[in-house]
Every structure is written in structure tokens, then in C-alpha cells.
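S.K.: In our numbering, the protein residues as written are 70 to 128.
1. Since residue 97 is in the beta strand (DSSP E), which residue starts that stretch and which ends it?
2. If you draw a straight line from the C-alpha of residue 90 to the C-alpha of residue 76, how long is it?
3. Using beta-carbon positions only, say whether residue 108 and residue 98 come within less than 9 Å of one another.
4. Could you say which of 83, 102, 87 lies nearest to residue 93 if we only look at CA atoms?
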């Protein structure tokens, strides 16, 4: 990772019926000075939250 660049963290989706991994979600993270990871959206004022999918589809 280059300093200040987002890091991709992968979070699995678990099928509760089988206990198996059903897919993954990539999450953008930035490493803070204290070593903790923070959401990219919380660290960058230029990023706006994405529109709610239901609102976009139902208008």
C-alpha cells in the first residue's frame, strides 16, 4: 500500500443455511496514523455517499 492510498479489504457473505461463503464485498479503507483502518467515506470529504439503491430504482 502506498501512503494515503485506499486499501481493499474483502468481507465474505455467508449463506446461513449452509455456512458456506456465498460471495464477497470489497470495502475501501484507509490506514490511520494510529494503525487502525477507517472507511474511505469517513476520511474523504470529497466523496459523497452513494444514492440509496431503492430510491434510484423507484424514483
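Cβ coordinates follow ideal geometry from the N, Cα and C atoms, glycine included.
M.R.: To lay it out plainly:
1. Segment 90-100, the beta strand (DSSP E) holding residue 97.
2. Between residue 90 and residue 76, the alpha-carbon positions lie close to 22 Å from each other.
3. Judged by their CB atoms, residue 108 and residue 98 are nearer to each other than the 9 Å cut-off.
4. Taking only the C-alpha atoms, the option nearest residue 93 is 83.
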